[in-house]
Amino acid sequence: MKEFMVFIRNEGNPITDLSPEQQQAHVQKVGAYIKRLAEAGKMKAAQPLEMEGVLVAQKNGGFVDGPFNETKEVISGYYHLVADSLKEAIQMAKEDPRFEDGEWRLEVRPIMKVDGIN
Amino acid sequence: MIKNINSINEKKTVQSKENQLTEHFFRNEYGKMVAVVAKYLGAEHVESAEDIVQDSLLVAVEYWQHHGIPENPSGWLYTTAKNKTFNYLKHQKHKRKFEKESDTDEAVHFNFSDEQIADEQLRMMFACCNPSISEEVQITLILKILCGFSISEISAAFFTNTDTINKRLVRGRKKLRSVDLSIVSEERISKNCDVVLEAIYLLFNEGYLPNRKNQSIRTDLCLEAIRLTHILASHPIITQKVHCHAFLALMYLNASRFEARVNENEGTLEMEKVDRSLWNKTLIDKGLYHLEEAQQQGIVSNYLLMASISANHCIAPSFEETNWKEILALYDAWLTMEDTAIIRLNRSVALSKVHGDDSAIAELKLLETRIDLKDNYLLHSTLGELHRNANHNEKAISHFERAIKLADNERDKTFLKKKLKGVVPL
Numbered sequence: 001m002k003e004f005m006v007f008i009r010n011e012g013n014p015i016t017d018l019s020p021e022q023q024q025a026h027v028q029k030v031g032a033y034i035k036r037l038a039e040a041g042k043m044k045a046a047q048p049l050e051m052e053g054v055l056v057a058q059k060n061g062g063f064v065d066g067p068f069n070e071t072k073e074v075i076s077g078y079y080h081l082v083a084d085s086l087k088e089a090i091q092m093a094k095e096d097p098r099f100e101d102g103e104w105r106l107e108v109r110p111i112m113k114v115d116g117i118n
Numbered sequence: 119m120i121k122n123i124n125s126i127n128e129k130k131t132v133q134s135k136e137n138q139l140t141e142h143f144f145r146n147e148y149g150k151m152v153a154v155v156a157k158y159l160g161a162e163h164v165e166s167a168e169d170i171v172q173d174s175l176l177v178a179v180e181y182w183q184h185h186g187i188p189e190n191p192s193g194w195l196y197t198t199a200k201n202k203t204f205n206y207l208k209h210q211k212h213k214r215k216f217e218k219e220s221d222t223d224e225a226v227h228f229n230f231s232d233e234q235i236a237d238e239q240l241r242m243m244f245a246c247c248n249p250s251i252s253e254e255v256q257i258t259l260i261l262k263i264l265c266g267f268s269i270s271e272i273s274a275a276f277f278t279n280t281d282t283i284n285k286r287l288v289r290g291r292k293k294l295r296s297v298d299l300s301i302v303s304e305e306r307i308s309k310n311c312d313v314v315l316e317a318i319y320l321l322f323n324e325g326y327l328p329n330r331k332n333q334s335i336r337t338d339l340c341l342e343a344i345r346l347t348h349i350l351a352s353h354p355i356i357t358q359k360v361h362c363h364a365f366l367a368l369m370y371l372n373a374s375r376f377e378a379r380v381n382e383n384e385g386t387l388e389m390e391k392v393d394r395s396l397w398n399k400t401l402i403d404k405g406l407y408h409l410e411e412a413q414q415q416g417i418v419s420n421y422l423l424m425a426s427i428s429a430n431h432c433i434a435p436s437f438e439e440t441n442w443k444e445i446l447a448l449y450d451a452w453l454t455m456e457d458t459a460i461i462r463l464n465r466s467v468a469l470s471k472v473h474g475d476d477s478a479i480a481e482l483k484l485l486e487t488r489i490d491l492k493d494n495y496l497l498h499s500t501l502g503e504l505h506r507n508a509n510h511n512e513k514a515i516s517h518f519e520r521a522i523k524l525a526d527n528e529r530d531k532t533f534l535k536k537k538l539k540g541v542v543p544l
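From first to last, the protein sequence lines are chains A and B.
For the first sequence, this note's numbering assigns the number 1 to the initial residue and increments by one for each residue that follows.
For the second sequence, this note's numbering assigns the number 119 to the initial residue and increments by one for each residue that follows.
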């Protein structure tokens with residue numbers, strides 16, 4: 001079994017373009033998707049992230065706290081998946097019904113694993 | 119130890135609850151919350167109220183999809199909206215600090231109790247139906263603010279484009295700004311109930327028009343009209359509820375026959391061909407219940423008469439066994455209240471069943487001389503039908519042909535062409 005982080009990325013928030021009726025449908029179907037994977041033991045965690053935050057960096061020997069979104073795209077949430085292979089994780093990401101409701105991008109990243117160590 | 123905490127946290131991040139949202143939950147809560155928040159911000163800030171509510175729904179969408187639907191989703195939303203309203207007010211106060219000390223004390227009493235929601239929705243309904251606002255703008259405002267429809271949903275329901283709806287909203291909101299929500303007084307509410315019912319009736323009819331296009335959104339218009347009327351019917355401020363009940367009866371009874379009117383293959387069906395087993399018994403029962411409530415008062419209104427006519431159709435076992443005498447008597451009573459060509463036109467079917475096709479034809483011939491009806495396709499299609507029933511085939515054909523020429527949309531034309539075909543003996 002391998003583990004994956006899936007970062008949910010979007011420009012702006014596609015949900016704002018949905019009507020309340022469509023938002024309800026969105027919550028229900030994405031919720032069902034996450035629940036299904038969680039119950040099958042394939043989703044270890046799933047969390048939304050606030051659209052705000054700080055980027056901490058070092059510059060000229062000191063810390064700078066700046067706004068993190070220099071680009072328009074932000075990470076609005078993540079999934080922590082368990083799958084047999086990258087291929088399966090990609091397949092799981094493709095099944096996310098959020099794609100029906102706007103332009104999201106899911107970044108699928110294998111969590112690093114070193115053979116024989118972890 | 120640390121590991122344990124992690125595993126607990128992990129469990130909590132995925133949903134475990136089985137709570138479900140009721141149908142149209144978001145849409146209905148949107149309307150309730152905007153009404154209450156707008157009360158606190160003032161009518162000139164209706165748009166800010168809408169923004170606050172939209173933001174609250176957004177948080178719910180993000181959170182609930184990951185964590186499941188909470189046990190009390192309404193309470194969850196109300197708390198969120200309340201906090202956002204406080205923040206908004208605090209921000210406003212800060213902005214106006216040196217201009218004027220604004221009074222946010224009232225915000226302390228801010229709540230989303232059932233009474234408060236009912237009060238504010240009612241007030242908002244009356245504000246939207248302000249006589250200075252045109253009818254089409256009134257129902258657009260109602261759909262946007264009180265029913266939580268999006269602009270594109272409203273334009274789909276009205277078969278128009280989003281620009282038109284946007285313009286109506288801009289016009290409507292401008293007028294709304296001049297309405298002081300707090301002086302929509304109890305007395306005015308009780309008095310102007312009819313104006314609001316009229317707007318809701320338009321909303322219902324908009325959804326009720328037989329057309330297969332955008333059917334589901336238009337069914338929703340009918341449901342919303344019924345929901346809004348229930349708010350009126352159950353509010354203690356409105357002491358005279360007889361019209362509300364009559365109106366509810368009318369809507370339920372008409373809506374019960376809604377789906378059976380249209381056939382997958384043939385399009386709109388004639389009433390005698392409709393499969394009555396498809397009528398919705400639950401809605402008929404609700405309609406009959408409200409009809410009884412309305413009748414108890416002994417006050418006759420056009421809504422009550424329309425509802426009674428509709429009820430007679432609903433309870434008839436077949437088209438032939440309909441109580442036409444009773445229906446004709448109801449139409450006659452209606453004519454004493456308002457005498458319009460359309461009512462006479464609809465009455466003619468009952469007239470033909472009770473006194474024969476010839477007397478109905480004679481009545482319609484009289485109507486034909488009226489300028490407002492001379493070129494009405496319904497007049498000619500009804501005449502065509504009456505002549506067909508009386509075996510005056512030539513006259514039937516000429517009236518149907520006239521009707522086809524006059525009908526303004528393809529759906530009606532197709533419907534009439536089928537009738538025309540039916541006249542010619544095979």
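We put the CB at the ideal spot given by N, CA and C, even for glycine.
Distance CB(residue i)-CB(residue j) smaller than 9 Å
{"i": "residue 337 (chain B)", "j": "residue 376 (chain B)", "result": "yes"}
{"i": "residue 158 (chain B)", "j": "residue 207 (chain B)", "result": "yes"}
{"i": "residue 246 (chain B)", "j": "residue 321 (chain B)", "result": "no"}
{"i": "residue 550 (chain B)", "j": "residue 472 (chain B)", "result": "It is not possible to answer for residue 550 (chain B), since the shown part of chain B is limited to 119 through 544."}
{"i": "residue 49 (chain A)", "j": "residue 77 (chain A)", "result": "yes"}
{"i": "residue 430 (chain B)", "j": "residue 448 (chain B)", "result": "yes"}
{"i": "residue 422 (chain B)", "j": "residue 414 (chain B)", "result": "no"}
{"i": "residue 8 (chain A)", "j": "residue 101 (chain A)", "result": "no"}
{"i": "residue 517 (chain B)", "j": "residue 501 (chain B)", "result": "yes"}
{"i": "residue 6 (chain A)", "j": "residue 108 (chain A)", "result": "yes"}
{"i": "residue 183 (chain B)", "j": "residue 26 (chain A)", "result": "yes"}
{"i": "residue 362 (chain B)", "j": "residue 405 (chain B)", "result": "no"}
{"i": "residue 628 (chain B)", "j": "residue 441 (chain B)", "result": "Because chain B spans 119 through 544 in this model, residue 628 (chain B) falls outside it and cannot be assessed."}
{"i": "residue 92 (chain A)", "j": "residue 18 (chain A)", "result": "no"}
{"i": "residue 202 (chain B)", "j": "residue 170 (chain B)", "result": "yes"}
Near the ligand GTP: residue i beta-carbon under 8 Å from a heavy atom
{"i": "residue 33 (chain A)", "result": "For the structure depicted, the ligand GTP is absent and the ligand set is empty, with no information on it obtainable."}
Buried or exposed by the 16-neighbour rule on C-beta atoms within 10 Å, applied to residue i
{"i": "residue 252 (chain B)", "result": "exposed"}
{"i": "residue 584 (chain B)", "result": "Residue 584 (chain B) lies beyond the residue range present for chain B, which begins at 119 and ends at 544; the question has no answer from this structure."}
{"i": "residue 156 (chain B)", "result": "buried"}
{"i": "residue 360 (chain B)", "result": "buried"}
{"i": "residue 41 (chain A)", "result": "exposed"}
{"i": "residue 416 (chain B)", "result": "exposed"}
{"i": "residue 372 (chain B)", "result": "buried"}
{"i": "residue 456 (chain B)", "result": "exposed"}
{"i": "residue 218 (chain B)", "result": "Because the pLDDT at residue 218 (chain B) is just 47, under 50, the model does not fix this residue reliably, and the value given afterwards should be weighed accordingly. Residue 218 (chain B) comes out exposed."}
{"i": "residue 470 (chain B)", "result": "buried"}
{"i": "residue 231 (chain B)", "result": "exposed"}
{"i": "residue 544 (chain B)", "result": "Annotation note: pLDDT 45 at residue 544 (chain B) (below 50); position unreliable, coordinate value reported separately. Exposed, since its Cβ has fewer than 16 Cβ neighbours within 10 Å."}
{"i": "residue 512 (chain B)", "result": "exposed"}
{"i": "residue 475 (chain B)", "result": "buried"}
{"i": "residue 216 (chain B)", "result": "Any answer about residue 216 (chain B) is weak, because its pLDDT of 46 lies below 50 and its placement is not dependable; what the coordinates show is given next. So residue 216 (chain B) counts as exposed."}
{"i": "residue 288 (chain B)", "result": "exposed"}
{"i": "residue 390 (chain B)", "result": "exposed"}
{"i": "residue 11 (chain A)", "result": "exposed"}
{"i": "residue 20 (chain A)", "result": "buried"}
When the options are compared against residue i, the one with the closest alpha-carbon
{"i": "residue 120 (chain A)", "options": "A:74, A:76, A:88, A:53", "result": "Any property of residue 120 (chain A) remains undetermined from this structure, which presents chain A solely from 1 to 118."}
{"i": "residue 342 (chain B)", "options": "B:170, B:447, B:359, B:267", "result": "B:267"}
{"i": "residue 154 (chain B)", "options": "B:141, B:174, B:239", "result": "B:239"}
{"i": "residue 364 (chain B)", "options": "B:485, B:235, B:428", "result": "B:428"}
{"i": "residue 370 (chain B)", "options": "B:391, B:356, B:345", "result": "B:345"}
{"i": "residue 143 (chain B)", "options": "B:410, B:507, B:175", "result": "B:175"}
{"i": "residue 507 (chain B)", "options": "B:496, B:495, B:478", "result": "B:478"}
{"i": "residue 291 (chain B)", "options": "B:259, B:493, B:307", "result": "B:259"}
{"i": "residue 273 (chain B)", "options": "B:325, B:483, B:391", "result": "B:325"}
{"i": "residue 466 (chain B)", "options": "B:446, B:458, B:452", "result": "B:446"}
{"i": "residue 490 (chain B)", "options": "B:515, B:499, B:509, B:460", "result": "B:460"}
{"i": "residue 152 (chain B)", "options": "B:196, B:179, B:387, B:186", "result": "B:196"}
{"i": "residue 244 (chain B)", "options": "B:316, B:482, B:193", "result": "B:316"}
{"i": "residue 190 (chain B)", "options": "B:388, B:140, B:374", "result": "B:140"}
{"i": "residue 146 (chain B)", "options": "B:200, B:205, B:235", "result": "B:235"}
Quiz prompt | Contact list for the stretch 82–95 of chain A against chain B, Cβ threshold 9 Å | solution = none
Self-check item: Ranges of the alpha helix (DSSP H) found wholly within the stretch 46–94 of chain A, counting only runs of at least 4
Solution: List check, alpha helix (DSSP H) in window: 86–94.
Quiz item: Between the stretch 168–185 of chain B and chain A, which residues of the former have CB atoms less than 8 Å from a CB of the latter, in chain order?
Solution: 172, 175, 176, 178, 179, 180, 181, 182, 183, 184
Exercise. Can you give me, in chain order, the residues of the stretch 247–276 of chain B that have a beta carbon less than 7 Å from any beta carbon in chain A?
Key: 266, 267, 268, 271
Quiz prompt | Proximal residues, the stretch 32–62 of chain A versus chain B, C-beta separation under 7 Å | solution = 34, 35, 38, 43, 44, 45, 46, 47, 48
Quiz item: Where are the alpha helix (DSSP H) runs, 4 residues long or more, that stay fully inside the stretch 447–498 of chain B, in chain order?
Solution: 459–473, 475–486, 489–492
Exercise. Compile a chain-ordered list of the residues in the stretch 21–32 of chain A whose CB is closer than 8 Å to at least one CB of chain B.
Key: 21, 22, 23, 24, 26, 27, 28, 30, 31
Quiz item: Mind listing which residues of the stretch 334–355 of chain B have their C-beta closer than 7 Å to chain A's C-betas, in chain order?
Solution: none
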